[in-house]
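Everything below concerns the one structure shown next.
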Amino acid sequence: MYFVDASTLQPRTELYLGEYFYLVFDLRQFSGPLYVTISQGGNVIAAGTVNGGYVYGLPMEIMPPINQGQTYTYVVSVYDANTGRQLGTASASYVEKYCPSVEISNVAWTSFVSGTRANVTVTLKNLGQSGWTYTVSAWTQGGSTGRASTSLSVPAGGSAATTLSLPVTSFSSTSDTLVVEASCAGGQWHVTARYPVQIVPPRPGPFSFTVATVQARLGQPTTFTIGAKNLGYDANLVSLSIPGVQYSVNLPSTAPAGSTVPIQVTFTPAVAGEYSLTATLTYKSPVTGATYQDTVSVPVVVYAELAVSAEDQMGNPVPINASIDGQRNSTLWVLPGTHTVSVPSVVQLSPDSELVFSGWSNGQNTPTIAVNVQGNTVVQAVYTRMYKITLNLGPAMPSGAEWAAGGSTYSKEIPQYVSIGDGARWALQALYVNGQPVSSLSFVVTGPAVVSASWVKQFRVVVDCGQAACINGGSRLERWVNAGGNFSVALPQYVPINSTARWRLAGQPAVQLVVNGPVAITPN
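The sequence shown begins at 577 in our numbering and counts up one residue at a time.
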């Protein structure tokens, strides 16, 4: 005698609410008409006459009320239907339950973050003799979450899992207990498991950033703004760090959930070129104090200053029109690389002064050069300041002009006499520099100058007495006399030759005349 499942005909020792089954008794060892009684708990629940030689089954159903875990024993008594003699008895038992016993074999969950949903995965193991569909529920004992339920079918002796999504409604950091329940029969039977969980307020961030390419000048403070959007919960902003540069930050103290806050940064670049800065935003949860970091790459273009200066040979600054990369400018902000710098060869300052290019401070000597710029760069052109020296040297010498460098000593040899033909010449009377008389033409050039010369025409007067030593023991007198000047000479009446002979002047002994040309006097 035994019990079998009505659908599978498998032997059963447990039977569950709503199941159909058979109480099976085997009468194949008997023959002839038999009288059979079936009793439970001392009460006959069925009786009747049957023929021996067969196996019989009494269909039954588990109906409410259910006495969970109660063992029911049925007794079959067999009698000879003709004589009433008892031929034998047999018994079988089953345990009545609402459903197969189940074990919560595993529970796993994601973080319980406020304002989100925590996923709870429950694995059940069916310990009974029939596949069953259970109701799986989960909630938190302290009310930090909502409740979720679902149905889960688990085969007999097997396992199955399901995932429940619990809305986390608490916005405080707290401990709670996760309750997982597997039930059947509308909750008339259940098994529960409890687990400690931590309710975590939602984390702030992460942040998404917007920032335009920053145009900056080397060594000069530049301000730009980073837009920081908080994609998470409220955040307290702690710091913004940019390694490797000198900077300051105007950082808001908070960034509410979903907001975009401006972060103003002022930095002073120390390197020219096109590159990126890495800025790290540190922020924390106002509830838990947990700290987080996000980074943003800031593209920068940093220009270096290329400047052209000029000075004269005395170290004084001078005005010039320089050109950088074809632009007429003495200062240009450029990216690192090779750039072309040009300056004029000659700069006319006035009709009487000019600047003449003489070279660069770095040793190059052409007005146009290539400059390799890696940082702020100043190239210096050196000019010689030249002044015009006007020469008014007529009529004895040609007039004209010469140029001399400022600070230099200008010298020029002016002859004392300039011949203008036989017996005539110009004689230098005086020299003047800017109207001031000088003894010689040599002066330090400090500006334009006018050199003037004063001349007088002279004629040669020759007195030739031949063989007579008529003039101071000599026979010839040669003298230069200014044009229009007077010339006079006194000749002796007699000039001795020896003790017995002499020369006698045939004419007046005194000669006087106005000189207007060369004169030759030959006394007789």
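Glycine included, C-beta positions come from ideal geometry on N, C-alpha and C.
Just so you know, these numbers come straight off a predicted model, no measurement behind them.
Between which residues of its own chain and residue i is the CB-CB distance below 7 Å, once the five residues before and five after are set aside?
{"i": "Ile897", "result": "It should be noted that the sequence gives Asn, not Ile, for residue 897. Answer for Asn897: Arg904, Pro920, listed in chain order."}
{"i": "Gly633", "result": "Tyr598, Leu599, Val600"}
{"i": "Leu703", "result": "Pro676, Ser677, Val678, Glu679"}
{"i": "Gly664", "result": "Val654"}
{"i": "Pro912", "result": "Ala848, Gly849, Ala880, Val949, Gln950"}
CB-CB under 8 Å to residue i, same chain, minus the five flanking residues each way: which ones, in chain order?
{"i": "Arg693", "result": "Ser741, Leu742, Pro743, Val744"}
{"i": "Ser829", "result": "Asn812, Leu813"}
{"i": "Thr589", "result": "Phe579, Ser669, Tyr670, Val671, Gln705"}
{"i": "Asn1100", "result": "Leu1081, Ala1082, Gly1083"}
{"i": "Gly645", "result": "Val671, Glu672, Lys673"}
What span of residues does the beta strand (DSSP E) with residue i cover, start to end?
{"i": "Met962", "result": "953 to 968"}
{"i": "Cys760", "result": "750 to 760"}
{"i": "Val1014", "result": "1012 to 1014"}
{"i": "Asn1062", "result": "1061 to 1066"}
{"i": "Thr768", "result": "765 to 776"}
{"i": "Arg1078", "result": "1078 to 1080"}
{"i": "Asp888", "result": "867 to 888"}
{"i": "Pro1072", "result": "1070 to 1072"}
{"i": "Leu740", "result": "735 to 743"}
{"i": "Pro609", "result": "609 to 616"}
{"i": "Phe785", "result": "783 to 786"}
{"i": "Tyr596", "result": "596 to 602"}
{"i": "Gln662", "result": "662 to 673"}
Confirm, please, whether the CB-CB distance from residue j to residue i is below 8 Å.
{"i": "Trp1056", "j": "Pro971", "result": "no"}
{"i": "Glu881", "j": "Thr907", "result": "yes"}
{"i": "Val631", "j": "Val652", "result": "no"}
{"i": "Val790", "j": "Phe688", "result": "no"}
{"i": "Tyr611", "j": "Tyr655", "result": "yes"}
{"i": "Val955", "j": "Asn938", "result": "yes"}
{"i": "Ala848", "j": "Gln940", "result": "no"}
{"i": "Val825", "j": "Gly803", "result": "no"}
{"i": "Ile1107", "j": "Ala977", "result": "Nothing can be reported for residue 1107: it is not among the residues displayed for the chain, which extend from 577 to 1100."}
{"i": "Val876", "j": "Ser899", "result": "no"}
{"i": "Thr856", "j": "Thr871", "result": "yes"}
{"i": "Thr844", "j": "Gln869", "result": "no"}
Quick test of your reading: residue i and residue j, contact by CB under 8 Å. State the CB separation rounded to the nearest angstrom.
{"i": "Ile638", "j": "Leu593", "result": "5 Å"}
{"i": "Thr697", "j": "Thr739", "result": "5 Å"}
{"i": "Pro777", "j": "Ser748", "result": "7 Å"}
{"i": "Ser815", "j": "Leu827", "result": "7 Å"}
{"i": "Val540", "j": "Val917", "result": "No answer is possible for residue 540: it lies beyond the span of the chain, which begins at 577 and ends at 1100."}
{"i": "Gly808", "j": "Ala833", "result": "7 Å"}
{"i": "Thr753", "j": "Gln717", "result": "4 Å"}
{"i": "Ser934", "j": "Thr960", "result": "5 Å"}
{"i": "Asn968", "j": "Val1026", "result": "6 Å"}
Starting from the C-beta of residue i, find all residues in its chain whose C-beta is less than 6 Å away, skip the five residues before and the five after it, and write them out in chain order.
{"i": "Phe1063", "result": "Val1037, Val1057, Leu1089, Val1091"}
{"i": "Tyr596", "result": "Ala582, Glu637"}
{"i": "Thr1095", "result": "Just to set this straight, residue 1095 is Val in the shown sequence, not Thr. Closer than 6 Å at Cβ, skipping near neighbours: Val1037."}
Does chain C have any CB closer than 8 Å to the CB of residue i?
{"i": "Cys760", "result": "In the displayed structure, chain C is absent; only one protein chain is listed."}
| query | Could you give the uninterrupted runs of the beta strand (DSSP E) lying entirely in the segment 794 to 854, keeping only those of 3 residues or more? | reply | 798 to 806, 811 to 817, 822 to 826, 836 to 844
| said: Going residue by residue through the segment 625 to 655, where are the continuous beta strand (DSSP E) segments of at least 3 residues, counting only ones entirely within it? | reply: 631 to 637
| field | Complete alpha helix (DSSP H) runs within the segment 922 to 952 (minimum length 4 residues, chain order) | value | none
| Hey, which unbroken runs of the beta strand (DSSP E) at 3 residues or more fall wholly within the segment 992 to 1043? | 993 to 997, 1000 to 1009, 1012 to 1014, 1018 to 1020, 1025 to 1040
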